[in-house]
Every structure is written in C-alpha cells, then in structure tokens.
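Following: one structure in structure tokens, then a few remarks.
Written out as structure tokens, the structure reads:
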C-alpha cells in the first residue's frame, strides 16, 4: 500500500473554503522565501507570490510520518488520526457558519476537536510542542502530540463566541499556515513572547482566538472577563479558573452573529492573521495578501474590532443549577467553577504590602523585601487569594476550636470528646478552605532559583518526625503533601463528612500531623500542600492510569520495615478501640488457656494502653466501642507517588528528598530509563555525602532554631550551589570549584554536627545517598502533564534526589508523637 507521506497541515477542504466563486486557485504569499545563489555569488530570493491549487500548498513531506530503526515507515497518524478529524471538519464548520441551531449543538464538540487539531498539527504548532520538552525525536513528538490533543477545548468552549461576517465587505478573510490565530492587545508581534513558535497564551485574560471559517465568516473567541471589562489592568494574567481539561456546562445555543464588518475591520483581522503566520498566507485575491499596508490603527487598537458587542453578552456567564430526581444538584458559576467560593479566600487589596518591610502579599511570614520583591511578578505565588500557609493556619485554628484544644484542654480530653459531628466539621473545614476549583499551581512556589525540596515518603505523624521535619536544616524549604482527605472527591462510604464514624482513628493521625507541623508551617520552613489531583480531574486520571501501567511493569516493591510496622500499629489501635466484650472474645480465641482473671487483667492493660497511646481514639458509642458497624477506615499515605513527585518538583523547581527505599529505587530507575546508566555529576559531593553520618532533629522547635543559624545556612548554601551548577544552561566543567566541594562539605557537615548537639532535643542518625544523573531525572509524560495543566513556569527535569535512611535500616522501634504526649 502506498504510504501517505505528503502531509497537508492545512487540509485542502479547509483551503477551498477561501476560494473566490469564479476561481480554482488561491493566491499565496511566501513570507520568508528561500534564497538562491546566483552565478556572481549574490543571493536572490525565490518567488514570493504565486497562484496555486490547494493540493500544492500548506504541505510538507513526512511531517507526521514515524519510523522504527530508520525503516518501516508508518503513516497512520496522517490516515487515521487526521483523516478522521478531517472527515468531521466540513460538516462541523458548516454547522457553525450556518444559523442552524440543531446542527450547531450536534457538532459542537466535533468543531472544537477540529479547531484544536488545526492549532497543533502545523509546523509552528509542532515546534511549539517540541519546545516544552528537553528533547524529542520524531516518534516521540508524534506520541506527545496525540497525548495533548483537545487541551484547548475547555478554555475555548467557555469563551464568548462570536461569528462576524465579511459578506458586505469588499475584502474577504485570508488564511495562514497556522490558521488558529491568537491575539492579545498587550503583546506586540515583536515581543519575545511572540517569537517563533510562541504566541500569547490562550489562558491569559485578554487573549482572543481568531479562526476564519471561510472567506465570509470568522469565529472570534473572547474570555468572558475581557469581554466584560476591555480595559483590564492585568491582560497577561490567567483568566479565572483557567484549565486545559475538565467538565463544563456550556450553553451551546449562545452565539453572537449580529456584526457585518467593513473593509477596514476585515483588513485589521487579516493583519493579525498574517502577523502570527509562520511562512505562508493565502487569499482569494492577491490584493488581500498585504493588509499591513492598509491597516488604519496600531496593534492595541485592533481589539475594538475583535471585542463582542457589550450589549449582547447576556447569554454568557451567570450561574447554572441543575436538579436531579434524587435530590442532587450540580452548580457552576460563570467561570466553570463548581464549588461556591468562600469570600475569606480572596485577599483584599488593603492587605497587600505598602512598603518593603510589611508582610509579603503571597502569605509567607517574611517581609516583602525578603520574599517576593526580588522575584519577577510571574514567578511569585498568587497575591490575589490566601496562600497555602494561611489556609493551613486557618484549618489548624478551626481544629483547635472544634476539639477544644484552644480552651487549654489536653489531648486526652480532646480524644474523649471527638464526636462524629466534630470529625465531620474538621473535614468540612478542609474542603471549604480548598474548593475543587482551586488553582493550586498558582499558590505553590515557582522555579525562582531558591533552594527547596519535595518530600516523598510515608506521611504519618509516627514517621514524619524521623527525618522529614529535620530535613529543612539541610535541604531548604520542604514541601510535604497534606494527608487530609477532601470530602467532595470521594464516595459516600469513604467520605469523612458522610460517614465520620469510619474516621475515628484516621482523624487523630491527620490532626496530629497538622498540629505537630504547625510551628514549621508558621515559620515558612514547611509547606503542607493538598493533593493536586483534588483540583485537576485530568491529572488525577492520568496519574491513576500511569500508576496502573507502572504496577504491571515493575517488580515487587522494595521491603520497608516501616511500611509493615504502620499497619501493625494501626491494627493494635483497632484492638484498643474494640469493646471490652470483643477484646475478651479475641483474647479467648487467641489464647484458650487463659483464666478469667488473666483475661480481666489483660483487658485492663489494654484499657490503660488505650489511654496512654496518643493516637488511640477514646470516644466510645453506646456499645462501649469506637469501632462502628462498618469498621474503621485506616489510610497509609506514601505520597506523592513517583510521577506526581516529578510533576511537583518540576513545577516548583525543587529537588526530591525521600526516606522510602521503594521510592528511591523508583527514582534511580527513572534516571536510568533514558540511556542506560547515565554518568553521575558532582561525584566529589556525592561521595562526601554518602560517607558522612548526619543527624536529624525530631523537635519542631529545635528545627526552627537550628534553621536560623549560620551552620544550617552554610550547609543549605552548599546544596544550593550544587543544584545551581546542575541546572545551569551553560554548565561547563569547573575543576577548581569541583575540587573544593569536598572541603566545603566537611566544614558544613562539621558545623551542623556542632549545632545539633547544642539543642537539648532528640535526633536520629542517618546515612544519605544522592543521585545527580547527567540530563537529570525526567520523563516526557511529566512535561506533557505540566503542559496540559497550564503550568507556565517549570523546570524541564529534576536535577538531584536524596535518600535518607537509618545507618541500620533493619532496626526499628515503635515511636509515638512526642508533642502529643501531653496527658
């Protein structure tokens, strides 16, 4: 079978929509003609203007062709993928051109699929995609192109939709080799943000999308905020609830079709189309190919032509409620958000810093001068809403009030009074503080060159005090995933607000961890962030899919004695929580020879152990048991998982720190998968770290005090310098600098040892390993997820990872949460 290797990236059926009625050819203009050397050595440009059939333009050989080992040419992307899309295209565009409501509703999804493909399938679109990855060969590029399909559809479908007409104009619409054109009045074509292959981002408030449907009609998509307020103060900030994927309730009937443009207005739109073209434009007539010579306004002034009529926006925006027979209700506001937003989450302008010495607008505990002043605006966490730290503080304050701990009650009494109603309220507050439409990425720190680390491992109050809370002294600000379950993202049986009795054990662990971490959270040393998958359903489904694939391919997980001990300890808690009758029954079943007196003594010992164990629930129901009929739900968090760890580390510019042998094996495997065993960088530093014993403080107060000392700052400065060296774009060998690493490490390590011994606080010895593979720890799927999640700024790989473990990893003893032993 003949292979389809001549790929039309602007399909012929679409080109034919721009032919003049009496012509069979389009007039084409080559913007960057090939230069030909003459016999005298001079260069002469090739032909710039020509008339041609649609079959001879907007095509390129092997644009979508894949091959394996240099042969076995495959054209399935051209035939099956784009062939199928092009099969839908004519009918979908005709439905939008014609004022046929039924056809438009039927073809609504197909139209945006065709439009999204047309933005991505061109040479400019493919080069834009390639730039978002460290390196892609042709096969990988085609795979990633298929992976990100439909990424613009949600944003476009929520826009104000207007179809303007050139029917009465003497000039008709032109097309380019990148037919889906993006315009933002605040970004000139000469700006670096528009340098090939870039365009203003579709998610920005003032960005409008232009897509000519034929010579006489053109679709203009405008973000609602821009349509309602054309004089935006922040035209290059993301629109509210900008997301690439997600469900949305759309009124497909809503279209504005009232405007018939003049010659001057059509010329302005054609000028925008040509300004964003790559190499070619085409028109029904040659005289329409040079709109720049006739345009009558500057770049910013063109927005007056593109904005929809302000008196016809009534069909867009507003709130939508859908009721169901069973009593359920779905809600959506004008920006596609499905959770009502508490006003307390919005930051009033009065709270923003008026001087450099005031608290920073991102919600950190530092002054504006020491926090965001030196950061570019686009690398600052959001100033328009409460930050992660502030929400954690609000949640902790609510927990103290709900449990009575704010009234100086002790932890034992709080456990005795932990009713199901209180459990539900604790999780309700968490869901209230974190609406499902939260843009978590905007609240997280950005890759701004500062040292920070992402912790991945067992998130449990019995484990977190071992290494995680002491890690900031060595690795800078630590990002840790919050273990609280979001009540609006789980089934009723596993919902802590619908079935709080099942969480009588889990709530103590979650509350203990948050309250234990609060001194470090308040100091800005630890960032306790919620699971990103709560707010991004597409990310969640992709993570589940990749985890399932990885589970099938990976060998048995690496044994971790702590992962075995935690369930055993939870089972111990379940025994403590059982009724006395159930405890007696279990004891007789396990040890039939016990006398009644022995059973009584053991039940009394269990009762005392239950009182003394800070993570054992004390509140009993009428039957004397804290175990409800459905049992207790006990969660073990190994979080974030491998792919989510890489995703978050690249989004925040972090290195990775783990105390999990299994996660460490996964990280090492990820660094090998690209090119076998890659060479490791900074060997002097890695050897020095591996050969030294470190000590990790287990007291939050001691960690906070040590963090501010010169010894801790010197160690962090060393790690920071190593990370900066690994992430430098023009990294070159530095023999002197590399040879000094060993001496710098020895001094920094010795200083930390002296500092830790100064504190009258528990500490654990540990061995640390690190990897710094050439090319970093990376995976193309992570860059794809970052692209599809609208993460504007991210690292293209993780430069380094550290593994912390006890000198004797087989040794373990049961530990309790020290700060909760207040009874």
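Numbering (our numbering), first residue to last: -1 to 821.
We put the CB at the ideal spot given by N, CA and C, even for glycine.
As the structure is a prediction and not an experimental result, all values here were calculated from the model.
Handout entry: Spatial distance of residue 660 from residue 801 (CA atoms)
Key = 10 Å
Handout entry: Own chain, CB closer than 8 Å to residue 813, minus 5 neighbours either side, in chain order
Key = Its pLDDT being 42, under 50, residue 813 is placed unreliably in this model, and the coordinates cannot settle the point.
Exercise for the section: Below 7 Å CB to CB, which residues in the same chain sit around residue 445 once its five sequence neighbours on both sides are set aside? Expected result: 650, 651, 791, 792, 793
Problem - Chain-order list of residues whose beta-carbon lies under 7 Å from that of residue 87 (same chain, five-residue window excluded) - result: So the qualifying residues of the chain are 9, 11, 12, 112.
Exercise for the section: Could you tell me the distance, in whole angstroms, from the CA atom of residue 712 to the CA atom of residue 182? Expected result: 46 Å
Practice task
Kindly indicate the opening and closing residues of the alpha helix (DSSP H) around residue 795.
Solution key: Per DSSP, residue 795 belongs to no alpha helix (DSSP H) and is neither H nor E.
Exercise for the section: If I'm right that residue 286 touches residue 172 with Cβ under 8 Å, what's the distance once you round it to whole angstroms? Expected result: 6 Å
Practice task
Quick one: give me the first and last residue of the alpha helix (DSSP H) that residue 112 is part of.
Solution key: 106 to 118 is the span of the alpha helix (DSSP H), which, as asked, contains residue 112.
Problem - Closest Cα partner of residue 51 within the set 236, 728, 280 - result: 280
Exercise for the section: Please go through the stretch 320 to 404 and give each complete alpha helix (DSSP H) segment of 4 or more residues, from N-terminal end onward. Expected result: If only uninterrupted alpha helix (DSSP H) runs of at least 4 residues are considered, those enclosed by the stretch 320 to 404 are 386 to 401.
Practice task
Please say whether residue 648 and residue 795 have beta carbons closer to each other than 8 Å?
Solution key: yes
Exercise for the section: With DSSP as the reference, please indicate the residues paired to residue 58 in a beta bridge. Expected result: 5
Handout entry: Three or more C-beta pairs below 8 Å linking the stretch 326 to 336 and the stretch 222 to 240
Key = yes
Exercise for the section: List in chain order: all unbroken alpha helix (DSSP H) runs of 4+ residues lying wholly within the stretch 500 to 556. Expected result: Scanning the stretch 500 to 556 from its first residue to its last, the whole alpha helix (DSSP H) runs of 4-plus residues come out as 504 to 520, 535 to 551.
Handout entry: Among 102, 504, 568, nearest to residue 90 - alpha-carbon criterion
Key = 102
Handout entry: Range covered by the alpha helix (DSSP H) that runs through residue 261
Key = 261 to 273
Practice task
Check whether the Cβ atoms of residue 438 and residue 564 sit closer than 8 Å, and answer yes or no.
Solution key: no
Problem - Simplified DSSP assignment, three categories, for residue 280 - result: strand
Handout entry: residue 210 in three-state terms, based on DSSP
Key = strand
Practice task
Use the C-beta contact count for residue 170: other C-beta atoms within 10 angstroms, 16 or more gives buried, fewer gives exposed.
Solution key: Buried: at least 16 other Cβ atoms inside 10 Å.
Practice task
Tell me, please, which residues DSSP counts as bridged to residue 72.
Solution key: DSSP, once it has assigned bridges, lists 64 as partnering residue 72.
Practice task
Compute the distance between the beta-carbons of residue 527 and residue 480, then report whether it is under 8 Å.
Solution key: Contact flag set, yes.
Handout entry: Beta-carbon spacing of residue 724, residue 679 below 8 Å
Key = yes
Exercise for the section: Please list the segments of the alpha helix (DSSP H) lying wholly inside the stretch 142 to 207, counting only runs of 4 or more residues, in order along the chain. Expected result: 151 to 155
Problem - 8 Å Cβ shell around residue 269 - same chain, five flanking residues per side excluded - result: 289, 290, 293, 300
Practice task
Measure from the alpha carbon of residue 483 to the alpha carbon of each residue in 467, 540, 507, 164, then state which is nearest.
Solution key: The option with the nearest alpha carbon to residue 483 is 507.
Handout entry: Cut-off 6 Å between Cβ atoms - residues of its own chain near residue 690, not counting five sequence neighbours on either side
Key = 747
Exercise for the section: Leaving aside the five residues before and after residue 134 along the sequence, list all residues of the same chain whose C-beta is less than 6 Å from its C-beta, in chain order. Expected result: 128
Practice task
Going by CA-CA distance only, name the one from 156, 349, 226 that's closest to residue 307.
Solution key: 226
Exercise for the section: Count the other CB atoms, across all protein chains shown, that sit within 10 Å of the CB of residue 320; report buried if there are 16 or more and exposed otherwise. Expected result: exposed
Practice task
Taking residue 641 and residue 779 to be in contact with their CB atoms under 8 Å, please state how far apart those CB atoms are, rounded to whole angstroms.
Solution key: 7 Å
Problem - Bridge partner(s) assigned by DSSP for residue 50 - result: 24
Handout entry: Integer-rounded CB distance, given that residue 7 should sit under 8 Å from residue 56
Key = 6 Å
Handout entry: Close Cβ partners of residue 367 (< 8 Å) along its chain, the five nearest in sequence each way excluded
Key = 354, 355
Practice task
For my contact list, residue 386 and residue 441 are in at a C-beta cut-off of 8 Å; report their separation, rounded to the angstrom.
Solution key: 5 Å
Exercise for the section: Could you please give the first and the last residue of the uninterrupted alpha helix (DSSP H) stretch that includes residue 710? Expected result: 708 to 725
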